[in-house]
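Heads up: the sequence shown is residues 117 to 242, going by the numbering used here. Just so you know, even glycine gets a beta-carbon here, dropped at the ideal spot from N, CA and C. Data block below; observations after.
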Amino acid sequence: MAEASFEGRLERMFAETPAMRDADLFTLQVVDKLDRGWTARRLLIGVMGAAGGVIGSAQILGSGVIGHIQALSAQSNAYLLQHVSQAIPQGLLPAGVALNGQVIWMAAALAVVAAGLGLARGIREI
């Protein structure tokens with residue numbers, strides 16, 4: 117069994133490490149290397165993301181999805197306009213305002229934005 121005094125000295129030596137003369141320089145070098153690496157990584161991730169976005173956009177535009185979305189939009193506008201125009205009396209609309217699908221979708225989009233802003237405000241208050 118080792119002596120208690122030796123173990124005590126050894127424990128104190130490891131608990132109180134001496135300061136190295138070049139500790140600050142070493143720290144600066146490590147931080148500089150880490151910063152340089154992250155800058156290169158951020159640049160690489162950004163370039164790869166942009167390239168992926170361009171490739172994905174080209175694939176979507178080339179597959180005919182835009183035409184399909186336009187056809188569905190025209191059908192939904194006609195359906196929505198038919199049912200909403202029956203539900204809203206003409207006296208409620210201001211003069212010169214035509215009720216069409218774009219107005220209804222814009223109102224719905226503004227309602228979603230308002231709900232999102234209200235939710236964000238509510239979360240901030242918590």
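Residue i - DSSP class collapsed to helix/strand/coil
| i | result |
| --- | --- |
| Thr133 | coil |
| Ser173 | helix |
| Gly180 | coil |
| Glu119 | coil |
| Ile220 | helix |
| Asp138 | coil |
| Ile242 | coil |
CB of residue i within 8 Å of CB of residue j, strictly
| i | j | result |
| --- | --- | --- |
| Ile176 | Leu196 | no |
Short CB-CB distance (under 8 Å) between residue i and chain C
| i | result |
| --- | --- |
| Asp140 | Among the chains in the structure shown there is no chain C, since it carries only a single protein chain. |
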